[in-house]
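What follows is a short report on a single structure.
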Amino acid sequence: PVESRIAVAPFMFHELPVSRQGHVEDEPLFFWGGMFWPWQDRTEAFETLLKTFERIRRGQLVIVGVSDRSGSPGGLDYSYADHPHVTWLGSLPFSEYVMELKRSAVAVDLCRPTEERRLSSDLRTGTALWSGAPCIVTPDSPWAAWIEECGGGWIVEYGDAKSLANLAEEIALERVDIVAKRRGAKAISQRISRDDNVAPIMKWLRNPAKRQASPDFFQARAQDRERRIRDMQKEIDLLRHEKNALQHDLDSIRSNPLFRLYKKACFWK
2 PVESRIAVAP
12 FMFHELPVSR
22 QGHVEDEPLF
32 FWGGMFWPWQ
42 DRTEAFETLL
52 KTFERIRRGQ
62 LVIVGVSDRS
72 GSPGGLDYSY
82 ADHPHVTWLG
92 SLPFSEYVME
102 LKRSAVAVDL
112 CRPTEERRLS
122 SDLRTGTALW
132 SGAPCIVTPD
142 SPWAAWIEEC
152 GGGWIVEYGD
162 AKSLANLAEE
172 IALERVDIVA
182 KRRGAKAISQ
192 RISRDDNVAP
202 IMKWLRNPAK
212 RQASPDFFQA
222 RAQDRERRIR
232 DMQKEIDLLR
242 HEKNALQHDL
252 DSIRSNPLFR
262 LYKKACFWK
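Note that my numbering has the sequence shown beginning at 2, numbered continuously upward.
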């Protein structure tokens with residue numbers, strides 16, 4: 002693709018209140034939810050958070066999701082559920098998933114960068130921001146630009162354990178203004194919920210039409226076809242040249258007197 006990221010159609014949520022409601026834990030909650038696929042390696046970030054919580058004896062990681070059970074290094078196994086700073090709730094109905102998000106101080110979506118991550122639009126991060134939860138993401142996240150612009154969270158390079166540990170400590174010890182970060186997440190939530198964000202795709206869905214291929218596409222196809230024809234013609238010419246050379250060698254052998262004598266000797270035998 003000519004662009005660094007393929008075009009994606011924005012999706013819209015109904016707007017929700019973004020204030021913290023219900024029971025609030027004594028310790029700040031770090032929310033991590035979704036399906037944990039084996040190619041999405043997030044173990045380094047998990048371990049950094051948990052080591053930080055152990056060191057400062059504060060902080061709770063709430064996991065809402067299920068393991069892929071593949072046993073691969075990239076996936077998360079349920080042994081994390083026994084950690085004293087982990088609350089693993091498994092899969093939940095969407096309404097309860099959102100409620101856990103709203104109770105949390107921050108949502109975390111960190112995994113090793115892959116092509117799949119660069120091309121996707123992470124629904125888990127979008128859901129967290131829509132719920133009013135500030136997010137910690139990597140720079141390759143499609144939400145990173147809005148998070149940075151609106152102050153709706155933090156951007157941390159995957160593998161930068163020191164920066165992540167420092168950030169986790171600041172949040173767990175409540176040294177950051179989570180309320181301000183929630184305001185940033187609310188600003189992103191309002192962008193997601195605006196009707197004009199999805200007006201172009203809704204207009205197309207009401208009256209779908211097949212897009213005409215651009216002239217550049219046909220021109221590229223024609224040029225590629227001409228290039229292949231030229232390559233094939235060169236190969237045919239080379240084969241003809243080799244055939245002519247072999248025929249010339251064969252005629253030279255047949256015209257040799259020794260070859261004719263050899264043929265006669267073979268005949269009389």
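Where a beta carbon is used, it is the ideal one built from N, C-alpha and C, also for glycine.
| query | result |
| --- | --- |
| 6 Å CB neighbourhood of Val109 in its chain, flanking five on each side removed | Phe31, Trp33, Ile137 |
| Simplified DSSP state of Trp147, which is helix, strand or coil | helix |
| Span of the beta strand (DSSP E) around Ala108 | 107 to 110 |
| Leu165 - DSSP class collapsed to helix/strand/coil | helix |
| Supposed contact pair Leu168 and Trp155 - C-beta distance, whole angstroms, cut 8 Å | 6 Å |
| Beta-carbon proximity list for Leu165, same chain, < 6 Å, skipping 5 on both sides | Thr49, Val157 |
| Val177 - DSSP class collapsed to helix/strand/coil | coil |
| Reduced DSSP category for Leu44 - H, G, I as helix; E, B as strand; rest coil | In the sequence under discussion, the amino acid at residue 44 is Thr, which differs from the Leu named in the question. Thr44: helix per DSSP, three-state reduction. |
| For Leu30, the residue or residues it bridges with in DSSP | Gln61 |
| Beta-carbon proximity check, His84 vs Leu111, cutoff 9 Å | no |
| Collapsed DSSP secondary structure at Trp38 in the structure displayed | coil |
| Option nearest Trp131 by Cα separation, candidates Arg119, Leu102, Ala106 | Leu102 |
| Range of the contiguous beta strand (DSSP E) that encloses Gly154 | 154 to 156 |
| Ala263, buried or exposed, once every other Cβ within 10 Å from all chains shown has been counted against 16 | Position check: residue 263 holds Tyr in this sequence, whereas Ala was assumed. Tyr263 comes out exposed. |
| Three-state class that DSSP yields for Gly185 in the structure shown | helix |
| Ser73 burial status per 10 Å Cβ neighbour count (16 or more: buried) | Confidence at Ser73 is low in this model, with a pLDDT of 44, below 50, so its placement is unreliable and the value that follows should be read with caution. Its Cβ having fewer than 16 others within 10 Å, Ser73 is exposed. |
| Three-state class that DSSP yields for Thr49 in the structure shown | helix |
| Under 9 Å between C-beta atoms of Gly160 and Arg184 | no |
| Straight-line Cα distance separating Tyr98 from Glu227 | 56 Å |
| Contacts around Phe260, its chain only, beta-carbon distance under 7 Å, and the 5 residues preceding and following it disregarded | Ile254 |
| As assigned by DSSP and simplified to three states, the class of Gly133 | coil |
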